[in-house]
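Chains as they are written, first to last, in this note's numbering: chain A, 28 to 229; chain B, 372 to 611.
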């Protein structure tokens, strides 16, 4: 069975994502141990809390994550996890991210109610294995005030509209990231997790 | 975790009930827009309004609800006595961010699907009110024999976008939330869960955040000044 490490970097409970990935057919460990993380087939960086604090908590693991990404290991970032993949974030003080994907994390426009909390639709920009069985306008569950503005549009798999059109799914080689929470997005979210687990097997 | 202050309405006033018992009510504000404005000023992201008269079948506070919605900018979810399509439509047209269904669904499950398909599932939340481990309906005055996890799963199938889980035994008591029951529900569903009932201090909020609830409704603790909303928001800041 595919083994997935969900990175535990402090605050918050990772039960939902663990359960979601298990339902999707993988063996899941919640880890902060470098050697164990290296042994797994894929790494999930979940999303909890504020960018700067998360980055700080991730400190002892960040070299491992960056190296594993370079080695081609599948990496999935969810919500804040997606944001941490990028070059830097403007949340609070300017903070460097992991720079696995290139671009900035910026605030959603203040013309809409922040944070975005709730269900919103995705618009598919290019085909992807992780969207097998998912269609345009399917609903996903979002909780965030910031979004990724990538240097290049070519890794954008889906976008979402909330005051601005922002990328809600990225895919670049072995790197996948969703701004929404697939683990809280009901049946469609589970389809995405299953597809993801299937891509790891291949 | 999102903090959701509660405003319960009876005869146009802001009240709290002890364990949902209308004979044990305490009035806090003559004008409910007063606490509503205060919660907004302190940084609330969503407000939770319950029309107790409507839930108990004793009347309606629709004008008051309209007044609160019109006087605030933040999101407002509304529950209590929403048992028809027309009522849900009216609440949503007034500008409520979502309508909360409890009892209605037991007798008319198609209603939830109909409303979810018409307005989108983000506009529909299902209330699971549990008394002594069983589902409570009709403004919590009657208890049913239904297991709450199964009912919640059914609500998800019918199309709700969130579940609001209330422990009736804990509500209004300041004795702490029903952590284990809430946890069981979070672990059984794959949509967001909002916990409600019994919050007494900031520690309760920390514990709820740890079991991965999406939000928590706080009522009596705020009205009895156990802590301020501003203090609570410091504890459970969400960002990203």
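Glycine included, every Cβ here is placed at the ideal spot set by N, Cα and C.
Original post:
What residues from chain A crowd round residue 485 of chain B, counting only those whose CB sits closer than 7 Å?
Top reply: Residue numbering aside, residue 485 of chain B sits at position 114 when the second chain is read from its first letter. Per Cβ cutoff of 7 Å: no residues; residue 485 of chain B is ~17 Å from chain A at best.
Original post:
Skipping 5 residues on each side, what residues in its chain have a beta carbon closer than 7 Å to that of residue 107 of chain A?
Top reply: Here the question's residue 107 of chain A lines up with position 80 in the first chain. Hits under 7 Å: 74, 75, 76, 78, 81.
Original post:
Should residue 104 of chain A go down as buried or exposed, given a rule of 16 or more other Cβ atoms within 10 Å for buried?
Top reply: As a position in the first chain, residue 104 of chain A is number 77, starting the count at 1. Buried, by the Cβ-count rule.
Subject >> Residues that residue 416 of chain B contacts on chain A, provided the C-beta gap is smaller than 9 Å >> reply: Start at 1 with the first residue of the second chain, and residue 416 of chain B comes out as number 45. Chain A residues near residue 416 of chain B: 140, 141, 142, 144.
**OP:** Hey, could you find the ends of the beta strand (DSSP E) residue 80 of chain A is sitting in?
**Re:** By one-based count along the first chain, residue 80 of chain A stands at place 53. No beta strand (DSSP E) contains residue 80 of chain A, which is instead part of the alpha helix (DSSP H) from 78-84.
Original post:
Hey, would you say residue 93 of chain A sits closer than 8 Å to residue 127 of chain A, going by beta carbons?
Top reply: On the first chain, residue 93 of chain A is found 66 positions in, with the first residue counted as 1. On the first chain, residue 127 of chain A is found 100 positions in, with the first residue counted as 1. Cβ distance < 8 Å, so residue 93 of chain A and residue 127 of chain A count as in contact.
Original post:
Can you find a heavy atom of the ligand PLP that lies under 7 Å from the Cβ of residue 453 of chain B?
Top reply: Among the ligands in the structure shown, none appear at all, so the ligand PLP cannot be discussed.
Original post:
Contact between the segment 492-505 of chain B and the segment 428-440 of chain B: three or more CB pairs below 8 Å?
Top reply: Because the criterion of three Cβ pairs below 8 Å is not met, the segment 492-505 of chain B and the segment 428-440 of chain B do not touch.
Original post:
So, residue 553 of chain B versus residue 588 of chain B, is the Cβ gap smaller than 8 Å?
Top reply: Along the second chain, one-based indexing puts residue 553 of chain B at 182. Along the second chain, one-based indexing puts residue 588 of chain B at 217. Cβ distance not < 8 Å, so residue 553 of chain B and residue 588 of chain B don't count as in contact.
Subject >> Collapsed DSSP secondary structure at residue 125 of chain A in the structure displayed >> reply: Walking along the first chain from the start, residue 125 of chain A turns up at place 98. Residue 125 of chain A: coil per DSSP, three-state reduction.
**OP:** Just the C-alpha distance for residue 390 of chain B and residue 95 of chain A, rounded to the nearest angstrom, thanks.
**Re:** Locating residue 390 of chain B in the second chain gives position 19, where the first residue counts as 1. Locating residue 95 of chain A in the first chain gives position 68, where the first residue counts as 1. Their Cα atoms are separated by approximately 53 Å.
Original post:
Going along chain B in order, which residues have a C-beta closer than 9 Å to the C-beta of residue 49 of chain A?
Top reply: Residue 49 of chain A sits at position 22 when you count from the first residue of the first chain. Residues of chain B passing the Cβ test: none, with the nearest at roughly 11 Å.
**OP:** Using a Cβ-Cβ cut-off of 8 Å, state whether residue 217 of chain A counts as contacting chain B.
**Re:** Working through the first chain from its first residue, we reach residue 217 of chain A at position 190. Taking Cβ atoms only, chain B reaches closer than 8 Å to residue 217 of chain A, which makes this a yes.
Subject >> Contact with chain B by residue 42 of chain A, beta-carbon distance below 8 Å >> reply: Translated into the one-based positions of the first chain, residue 42 of chain A becomes position 15. For residue 42 of chain A, the answer is yes, since a Cβ of chain B falls inside 8 Å of its Cβ.
Subject >> Closest Cα partner of residue 226 of chain A within the set A:207, A:198, A:208, A:213 >> reply: What you label residue 226 of chain A is simply residue 199 of the first chain in a count that begins at 1. Measuring from the Cα of residue 226 of chain A, the nearest candidate turns out to be A:198.
Original post:
Between residue 28 of chain A and the rest of its own chain, which residues show a CB-CB distance below 8 Å, the 5 nearest in sequence each way excluded?
Top reply: To locate residue 28 of chain A, count along the first chain from 1; it is residue 1. These residues qualify, in order along the chain: 52, 53, 54.
Original post:
Taking the C-alpha atoms as reference points, what is the distance between residue 395 of chain B and residue 567 of chain B?
Top reply: As a working mapping, residue 395 of chain B is identified with position 24 in the second chain. As a working mapping, residue 567 of chain B is identified with position 196 in the second chain. Each residue's alpha carbon lies about 18 Å from the other.
Original post:
Mind checking if residue 454 of chain B is an interface residue toward chain A, Cβ cutoff 8 Å exclusive?
Top reply: Position 83 of the second chain, counting from 1, holds the residue named residue 454 of chain B. It does not: the Cβ of residue 454 of chain B has no partner Cβ on chain A nearer than 8 Å.
Original post:
What span of residues does the beta strand (DSSP E) with residue 422 of chain B cover, start to end?
Top reply: Within the second chain, the letter at position 51 stands for residue 422 of chain B. From DSSP, the beta strand (DSSP E) with residue 422 of chain B extends over 417-422.
**OP:** Return the CA-CA distance between residue 34 of chain A and residue 196 of chain A, expressed in angstroms with no decimal places.
**Re:** Walking along the first chain from the start, residue 34 of chain A turns up at place 7. Walking along the first chain from the start, residue 196 of chain A turns up at place 169. Roughly 20 Å between the two C-alpha positions.
Original post:
Interface residues of chain A around residue 446 of chain B at Cβ under 8 Å?
Top reply: As a position in the second chain, residue 446 of chain B is number 75, starting the count at 1. Residues of chain A passing the Cβ test: 140, 144.
Subject >> Closer than 9 Å at the beta carbon, the chain A residues around residue 633 of chain B >> reply: The structure shown does not extend to residue 633 of chain B, since chain B is modelled only from 372 to 611, so the question has no answer here.
Original post:
In chain order, what residues of the same chain have a beta carbon less than 6 Å from the beta carbon of residue 459 of chain B, not counting five sequence neighbours either side?
Top reply: In the second chain, residue 459 of chain B corresponds to position 88, counting from 1. Correct list, in chain order: 453, 470, 486.
Subject >> Test: residue 213 of chain A CB closer than 8 Å to a CB of chain B >> reply: Walking along the first chain from the start, residue 213 of chain A turns up at place 186. Judged by the 8 Å Cβ criterion, residue 213 of chain A is in contact with chain B.
Original post:
Assuming residue 547 of chain B contacts residue 569 of chain B under a Cβ cut-off of 8 Å, what Cβ separation, rounded to an integer in Å, is found between them?
Top reply: Translated into the one-based positions of the second chain, residue 547 of chain B becomes position 176. Translated into the one-based positions of the second chain, residue 569 of chain B becomes position 198. Contact holds; Cβ gap of about 5 Å.
**OP:** Just the chain A side, please: which residues come within less than 9 Å of residue 466 of chain B by C-beta, in chain order?
**Re:** Locating residue 466 of chain B in the second chain gives position 95, where the first residue counts as 1. Those do not exist, as residue 466 of chain B stays about 12 Å from chain A at its closest Cβ, beyond 9 Å.
Subject >> Rounded separation between residue 183 of chain A and residue 192 of chain A - CA only >> reply: Taking the first residue of the first chain as position 1, residue 183 of chain A is located at position 156. Taking the first residue of the first chain as position 1, residue 192 of chain A is located at position 165. Cα-Cα distance, rounded: 12 Å.
Subject >> Where the segment 379-392 of chain B meets chain A: residues whose CB sits under 8 Å from a CB there >> reply: none
Original post:
For the beta strand (DSSP E) that residue 148 of chain A lies in, which residues bound it at each end?
Top reply: For the purposes of this step, residue 148 of chain A is taken as residue 121 along the first chain, with counting starting at 1. Where residue 148 of chain A is concerned, the enclosing beta strand (DSSP E) stretches over 143-148.
**OP:** Determine, using beta carbons only, whether residue 220 of chain A and residue 102 of chain A come nearer to each other than 8 Å.
**Re:** Locating residue 220 of chain A in the first chain gives position 193, where the first residue counts as 1. Locating residue 102 of chain A in the first chain gives position 75, where the first residue counts as 1. Not closer than 8 Å, so no.
**OP:** Check distances from the C-beta atoms of the segment 199-210 of chain A to those of chain B and list, in chain order, the residues that come in under 7 Å.
**Re:** 210
**OP:** For the segment 522-539 of chain B and the segment 492-499 of chain B, state whether three or more C-beta atom pairs, one from each stretch, are separated by less than 8 Å.
**Re:** yes
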